[in-house]
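A.B. asks: Residues are numbered in this note's numbering as their position in the sequence shown, beginning at 1, plus a constant of 844. A virtual CB, placed ideally from N, CA and C, is assigned to each residue, including glycine. Quick one: the structure is below, and I'll ask about it shortly.
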Amino acid sequence: MRYVPLTNSLVCPFCSTAEPIEKSNEPIEEYDFDNALKHLDKHQILNIEKEIKCTKCSAIFTLKPYSISSNCPYCGTPAITEFTHNITPKSLLPFNITHKEAQKRFRKWIGSLWFAPTELKHLVDGHGKLSGYYLPYWTYDSQTTTQYSGQRGDIYYVTVEKTVTINGREQIVQEREPRINWTPVRGIVYNSFDDITVGASKSISHTI
């Protein structure tokens, strides 16, 4: 079964049978960061299968539940999994454009680039494949208090006299020159941030 954008359904690629996706009624909760870390289930890091990439031959194999180390079945190199918590996503944002529309927008973007790599252009000219991926993201809220101190510079002007040579004769002229009056400043800034997104993938750059 494959998800078809804009239909809210899973469709069989062979017989076209469609199954509607049931929406979950479970509310999306926001957790206090410190409390969430304290109450993470420490056993969940062991009771699921995990994929490991061999550091020598780059093969990917599965580590059995309750195991944190093994040998690569292809080359025998010892491997150990990261001792971290696996947190299940609480919600999912499905694709809201079709594959055809994605190719159209990608082709338009490529056309706006002067020096796009050839391999990148092949993704839309039939030689490559444009695929969609779901990427994990954190969202967080934050109330911040920032103290600052420094100096503030206010520009003011003064009139000064200068001696200049005009047509071979020295003359005194008046000019305005800028000055800066520095004064110490300090204060507190309060800010509120809501639903800031942070990429949770280690394999994809967060600057994309």
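Which whole-angstrom value is the C-beta distance of residue 942 and residue 850, which I expect to be below 8 Å?
C.D. replies: Position 98 of the sequence shown, counted from the start, is the residue given in the question as residue 942. Position 6 of the sequence shown, counted from the start, is the residue given in the question as residue 850. About 7 Å; that satisfies the 8 Å criterion.
A.B. asks: Are the beta-carbon atoms belonging to residue 918 and residue 989 less than 7 Å from one another?
C.D. replies: Indexing the sequence shown from 1 puts residue 918 at position 74. Indexing the sequence shown from 1 puts residue 989 at position 145. No, the Cβ-Cβ distance between residue 918 and residue 989 is not below 7 Å.
A.B. asks: Quick test of your reading: residue 1048 and residue 937, contact by CB under 8 Å. State the CB separation rounded to the nearest angstrom.
C.D. replies: Here residue 1048 corresponds to residue number 204 of the sequence shown, with the count starting at 1. Here residue 937 corresponds to residue number 93 of the sequence shown, with the count starting at 1. That belief does not hold up - the Cβ atoms of residue 1048 and residue 937 are roughly 16 Å apart, past 8 Å.
A.B. asks: Tell me the rounded alpha-carbon separation between residue 901 and residue 894.
C.D. replies: Position 57 of the sequence shown, counted from the first residue, corresponds to residue 901. Position 50 of the sequence shown, counted from the first residue, corresponds to residue 894. Taking the straight line from one Cα to the other gives about 18 Å.
A.B. asks: If the criterion is Cβ atoms closer than 7 Å, does the pair residue 1004 and residue 1019 meet it?
C.D. replies: Here residue 1004 corresponds to residue number 160 of the sequence shown, with the count starting at 1. Here residue 1019 corresponds to residue number 175 of the sequence shown, with the count starting at 1. Contact: yes.
A.B. asks: Give me whichever residues DSSP pairs with residue 897 in a beta bridge.
C.D. replies: Counting from one through the sequence shown, the residue named residue 897 turns up at place 53. Bridge partners of residue 897: 904.
A.B. asks: Find the nearest neighbour of residue 992 within the set 1006, 1031, 858, judged by alpha-carbon distance.
C.D. replies: Taking the first residue of the sequence shown as position 1, residue 992 is located at position 148. Minimum Cα distance to residue 992 is reached at 1031.
A.B. asks: Can you list, in chain order, the residues of its chain whose CB lies under 7 Å from that of residue 965, leaving out five sequence neighbours each side?
C.D. replies: As a working mapping, residue 965 is identified with position 121 in the sequence shown. So the qualifying residues of the chain are 954.
A.B. asks: Under the assumption that residue 1024 contacts residue 997 (Cβ atoms under 8 Å), give the Cβ distance between them as a whole number of angstroms.
C.D. replies: One-based indexing of the sequence shown puts residue 1024 at position 180. One-based indexing of the sequence shown puts residue 997 at position 153. Residue 1024 to residue 997, Cβ: 4 Å. Contact.
A.B. asks: For residue 864, collect the residues of the same chain with a Cβ closer than 6 Å to its Cβ; drop the 5 residues on either side in sequence, then sort them by chain order.
C.D. replies: Stepping through the sequence shown from its first residue, residue 864 is reached at position 20. Excluding sequence neighbours, residue 864 sits near 853.
A.B. asks: Based on the DSSP output, what are the partners of residue 987 in its beta bridges?
C.D. replies: For the purposes of this step, residue 987 is taken as residue 143 along the sequence shown, with counting starting at 1. BP columns for residue 987 point to 1036.
A.B. asks: Go to residue 954, then tell me how far its alpha helix (DSSP H) extends in each direction, as first and last residue.
C.D. replies: Here residue 954 refers to the residue found at position 110 when the sequence shown is read from its first residue. Where residue 954 is concerned, the enclosing alpha helix (DSSP H) stretches over 943 to 955.
A.B. asks: Give the straight-line distance between the Cα atoms of residue 874 and residue 985, rounded to the nearest whole angstrom.
C.D. replies: Taking the sequence shown and counting its residues from 1, one reaches residue 874 at position 30. Taking the sequence shown and counting its residues from 1, one reaches residue 985 at position 141. Distance between the alpha carbons of residue 874 and residue 985 is about 9 Å.
A.B. asks: Mind checking which residues open and close the beta strand (DSSP E) that includes residue 915?
C.D. replies: If you number the sequence shown from 1, residue 915 lands on position 71. Taken as a continuous stretch (DSSP letters only), the beta strand (DSSP E) holding residue 915 covers 913 to 915.
A.B. asks: Would you kindly work out how many angstroms separate the C-alpha atoms of residue 1002 and residue 961, rounded to a whole number?
C.D. replies: As a first step, residue 1002 is located in the sequence shown; it is residue number 158 there, counting from the start. As a first step, residue 961 is located in the sequence shown; it is residue number 117 there, counting from the start. If you take the alpha carbons of residue 1002 and residue 961, they lie about 57 Å apart.
A.B. asks: Please work out which residues of its chain come closer than 7 Å, Cβ to Cβ, to residue 887, disregarding the five sequence neighbours upstream and downstream, and give them in chain order.
C.D. replies: The sequence position of residue 887 within the sequence shown is 43, counting from 1. With a pLDDT of 46 at residue 887, under the threshold of 50, the predicted position of this residue should be treated as unreliable, though the coordinate-derived value follows. Here the set comprises nothing.
A.B. asks: For residue 923, report the span of its beta strand (DSSP E) as first-last.
C.D. replies: The residue labelled residue 923 in the question sits at position 79 within the sequence shown. Note, residue 923: beta strand (DSSP E), 922 to 924.
A.B. asks: How is residue 962 classed by DSSP in three states: helix, strand or coil?
C.D. replies: By 1-based counting over the sequence shown, the position of residue 962 is 118. Helix.
A.B. asks: In this structure, what does DSSP give as the bridge partners for residue 1001?
C.D. replies: On the sequence shown, position 157 is the one that residue 1001 refers to. Paired residue(s): 1022.
A.B. asks: Excluding the 5 residues flanking residue 898 on each side, which residues of the same chain have their C-beta closer than 8 Å to its C-beta?
C.D. replies: Reading the sequence shown from its first residue, position 54 is the one you call residue 898. Cβ within range, chain order: 904, 905, 916, 918, 919, 921, 923.
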